[in-house]
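S.K.: Numbering (my numbering), first residue to last: -17 to 445.
Ideal Cβ positions, reconstructed from N, Cα and C, are used throughout, including at glycine.
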Ligand code: SF4
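And the structure:
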């Protein structure tokens, strides 16, 4: 028996093309795991983001009509959930016999509650999907019938080597799209706002010979930029030097995301030599009380955090590496003073030549540990799941008092304008935000638990 499986990445409505990600690394890993096991499965990849960006890519309807999948596997983050539901309706219309499975960060965080809200899904995968998909496919291949219901992954597969057969048809269409490479999974830190607290991934590293092979295949495909999508690019790993050596053998632009406290002048110089061109790192805040509440770093690091953020960013600027320090606004204990100091630091660093600060808003994803533990700290939370993209405010901390939303938007816009970042992320207005705050329909707001209070209080004195 043979199985045809369609991997589907959802649409997320980002405000600019710079926020649009490329291939869904989770779906690539799932298919790779099964291909490496030689399961008799034909995989096809479809991205709703890509179809919006390139007219020559077949629509989902056309793919369904021609491919006629036995299994459709949808991966969704919170903001992609309305798209996931639309996709599942389309599948049921075009291919009523196709079994639909959904997984990814949002289903894992929201867990089984969502199952009853979404009649189109036959299977919900909670947690990492490789072993769950293997089980689903083996059941079908042995019995001709797919299992149904909730499948929770309790074990962890090794990080699979990507065989590329699935993406070769797309690589020539998106040569500029950073290709995701996953060298490790998991993180030993436990930042309060991080989705990994819900995911609980075991720490693993890909065999370095597999990584080298992937890099050389990407080079053959003329891919220009790769993005290391490790949960946390672990510079402290014993395999770090080997990884840098492998990267230095090629001419890729490499984007990494790591921790501020891993970076030093010696490390940054090594990164530059290996071809790392952009580094994203979470400063988040410099207010010690907030950093402590975020559990961002060890207590003995708190006092030096601001100094480190400044020196690391300046060194990166000197080396000509594009630095993206991330600053988080709207933490549950944010005050006027703390908001002002973080805004000022982001504006100052953003005026350096090779520095583009990223602004993120504290985002309590529905069902997440962060949302459950901090819910009472917010006066109001936006209902529209499509806006849970971290670069728009969706939660108003009580600690900011009156005009809280106005203050958050003003800080955001100042950083964007003063660091010349509006080309990448436009400024936002109170009207933009109020328009989506209470947006209410079955698709977009199926899951948000509303805290008490309302938004009027947060914006009452805003102009
Ligand atoms: S260091 Fe990064 S990946 Fe690790 S828990 Fe914190 S935010 Fe998440």
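1) Should residue 173 be counted as a contact of ligand 1 given a C-beta to heavy atom distance under 8 Å?
2) Do residue 342 and residue 359 have their beta-carbon atoms positioned less than 9 Å apart in this structure?
3) Counting pairs of Cβ atoms below 8 Å between the stretch 189 to 209 and the stretch 172 to 181, do you hit three or more?
4) Tell me whether residue -10 is buried or exposed, calling it buried when 16 or more other Cβ atoms sit within 10 Å of its Cβ.
5) Using DSSP bridges, identify the partner residues of residue 167.
6) For the candidate residues 294, 272 and 268, whose alpha-carbon lies nearest to that of residue 253?
7) Can you tell me the Cα-Cα spacing of residue 348 and residue 56, whole angstroms?
8) Beta-carbon of residue 392 versus every beta-carbon of chain C: anything under 9 Å?
9) Would you list the residues sitting across from residue 235 in a DSSP beta bridge?
10) Is residue 214 near ligand 1, in the sense that its beta carbon is under 8 Å from a heavy atom of that ligand?
11) Whole angstroms is fine: what's the gap from residue 444's alpha carbon to residue 387's?
12) Does DSSP put residue 128 in a helix, in a strand, or in coil?
13) Terminal residues of the continuous beta strand (DSSP E) containing residue 360?
14) Which residues in the same chain as residue 313 place their Cβ atom closer than 6 Å to its Cβ, once the five residues preceding and following it in sequence are excluded?
15) For residue 446 versus residue -16, is the C-beta spacing smaller than 9 Å?
16) Look at the alpha carbon of residue 335 and the alpha carbon of residue 184, and state the distance between them as a whole number of angstroms.
17) Decide if residue 243 is buried, meaning its Cβ has at least 16 other Cβ atoms within 10 Å, or exposed.
18) Evaluate the contact criterion for the stretch 322 to 339 versus the stretch 140 to 147: three or more CB pairs, one atom per stretch, below 8 Å.
19) Start and end of the alpha helix (DSSP H) containing residue 393?
20) In chain order, what residues of the same chain have a beta carbon less than 8 Å from the beta carbon of residue 89, not counting five sequence neighbours either side?
21) Are residue -14 and residue 40 touching if we call contact CB-CB under 9 Å?
22) Can you tell me whether residue -15 sits near ligand 1, meaning its C-beta is under 8 Å from at least one heavy atom of the ligand?
M.R.: Once the coordinates are examined:
1) Residue mapping note: residue 173 aligns to position 191 of the chain shown, counting from 1. Residue 173: yes, Cβ under 8 Å from ligand 1.
2) Counting from 1 along the chain shown, the entry for residue 359 is found at position 377. Counting from 1 along the chain shown, the entry for residue 342 is found at position 360. In this structure, residue 342 does not lie closer than 9 Å to residue 359 by Cβ.
3) Counting Cβ pairs under 8 Å, fewer than three are found: no touch.
4) For the purposes of this step, residue -10 is taken as residue 8 along the chain shown, with counting starting at 1. Result: buried.
5) Position 185 of the chain shown, counted from the start, is the residue given in the question as residue 167. Partner(s): 186.
6) Within the chain shown, the letter at position 271 stands for residue 253. If you compare the alpha carbons of 294, 272 and 268 with that of residue 253, the shortest gap goes to 294.
7) In the chain shown, the residue the question calls residue 348 occupies position 366. In the chain shown, the residue the question calls residue 56 occupies position 74. Approximately 19 Å, taken between the alpha carbons.
8) The structure shown contains no chain C; it is built from a single protein chain.
9) Here residue 235 corresponds to residue number 253 of the chain shown, with the count starting at 1. Beta-bridge partners of residue 235 (DSSP): 207.
10) Looking up residue 214 in the chain shown gives position 232. Between ligand 1 and the CB of residue 214, the shortest heavy atom gap is smaller than 8 Å.
11) To locate residue 444, count along the chain shown from 1; it is residue 462. To locate residue 387, count along the chain shown from 1; it is residue 405. Residue confidence is low: residue 444 scores 35 on pLDDT, short of 50, so the model does not pin down where it sits. Its coordinate-derived value is still stated next. Spanning the alpha carbons of residue 444 and residue 387 requires a straight line of approximately 8 Å.
12) For the purposes of this step, residue 128 is identified with residue 146 of the chain shown, where counting begins at 1. In the structure shown, residue 128 sits in coil (DSSP, three-state: anything other than H, G, I, E or B).
13) The count along the chain shown starts at 1 and reaches residue 360 at position 378. Residue 360 -> beta strand (DSSP E) spans 360 to 363.
14) The count along the chain shown starts at 1 and reaches residue 313 at position 331. So the list reads 272 and 344, once near-sequence residues are dropped.
15) Any answer about residue 446 is impossible in this case: the structure gives the chain only from -17 up to 445.
16) Locating residue 335 in the chain shown gives position 353, where the first residue counts as 1. Locating residue 184 in the chain shown gives position 202, where the first residue counts as 1. Residue 335 and residue 184: Cα-Cα distance of roughly 38 Å.
17) Working through the chain shown from its first residue, we reach residue 243 at position 261. So residue 243 counts as buried.
18) Judged by pairs of C-beta atoms under 8 Å, the stretch 322 to 339 does not touch the stretch 140 to 147, as fewer than three such pairs exist.
19) Counting from 1 along the chain shown, the entry for residue 393 is found at position 411. Per DSSP, residue 393 belongs to the alpha helix (DSSP H) from 386 to 400.
20) On the chain shown, residue 89 is found 107 positions in, with the first residue counted as 1. Sequence-distant Cβ neighbours of residue 89 in its own chain, meaning closer than 8 Å and more than five residues away, are 58, 96, 106, 107 and 108.
21) What you label residue -14 is simply residue 4 of the chain shown in a count that begins at 1. What you label residue 40 is simply residue 58 of the chain shown in a count that begins at 1. No, the Cβ-Cβ distance between residue -14 and residue 40 is not below 9 Å.
22) As a first step, residue -15 must be located in the chain shown, where it is residue number 3. Incorrect: residue -15 has no Cβ contact closer than 8 Å to ligand 1.
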